[in-house]
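Set out below in structure tokens:
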């Protein structure tokens, strides 16, 4: 059984995290792209402190060196990030590690590194970014869960409150979401609905 929360939102700023933490989220990823190094460090530091004060788990996307230097405790790497990351250094620093997967080869690679979770996506079509993979579907979640065993499985891509029960039933331990909250007309209400649906 995963010790991580079943609801895993992703935000691109500490300001978003500060806005949403009071609503009860316990696991959150900071995914920041295209920011100057010192501003990026300040953003990660702010998110780290906000989450520590709220008792939430912060996962830093991609920027593993800063995560180590700023004493964060969790990092997420995509497959491209994994090509250049120093995984032994991440482990030596005591950080937990989550990895993205999209196909069999990536899953094998991920499992060889004994990650703290494996993410599969996109489960449904997503508007977040262009991907070379078609939607994976719920059957692939079931297949992946059989392969990863006790390792927590994160479903990401096109997820919504309405689709979450199907993802959990198919084998996902955790459901991750970005635009379903950030593009919602009432992000706070949507996040509250997620918390209610996953607790």
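Numbering (the UniProt record's numbering), first residue to last: 1 to 199.
Every residue, glycine too, gets a C-beta built ideally from N, C-alpha and C.
query = Does the segment 66–79 come close enough to the segment 88–98 to have 3 or more Cβ pairs within less than 8 Å?
reply = yes
Endpoints, beta strand (DSSP E) assigned at residue 55 = As a working note, residue 55 is residue 55 in the chain shown. Residue 55 -> no beta strand (DSSP E), and no H or E assigned at all.
request  = Under 8 Å Cβ to Cβ from residue 111, same chain only, skipping five residues before and after it: list those, please.
outcome  = Numbered from its first residue, the chain shown carries residue 111 at position 111. Cβ within range, chain order: 118, 147, 148 and 151.
query = So, are the CB atoms of residue 141 and residue 171 less than 9 Å apart?
reply = Start at 1 with the first residue of the chain shown, and residue 141 comes out as number 141. Start at 1 with the first residue of the chain shown, and residue 171 comes out as number 171. Yes, the Cβ-Cβ distance between residue 141 and residue 171 is below 9 Å.
request  = Grab me the residues of residue 57's own chain with a C-beta within less than 8 Å of its C-beta, minus the 5 sequence neighbours each way, in chain order.
outcome  = Within the chain shown, the letter at position 57 stands for residue 57. Only 4, 5, 26, 27, 28, 51, 73 and 74 meet the Cβ criterion.
request  = Quick one: which unbroken beta strand (DSSP E) runs of 3-plus residues sit fully inside the segment 19–106? Chain order, please.
outcome  = 27–30, 57–61, 74–77 and 96–101
query = Count the other CB atoms within 10 Å of the CB of residue 48; is the residue buried (16 or more) or exposed (fewer)?
reply = On the chain shown, residue 48 is found 48 positions in, with the first residue counted as 1. Label assigned to residue 48: buried.
task = Compute the beta-carbon to beta-carbon distance between residue 153 and residue 145, rounded to the nearest angstrom, for a pair I have assumed lies under 8 Å.
result = Along the chain shown, read from residue 1 onward, the residue named residue 153 stands at position 153. Along the chain shown, read from residue 1 onward, the residue named residue 145 stands at position 145. Between residue 145 and residue 153 the Cβ distance is about 5 Å, and since that is below 8 Å, they are a contact.
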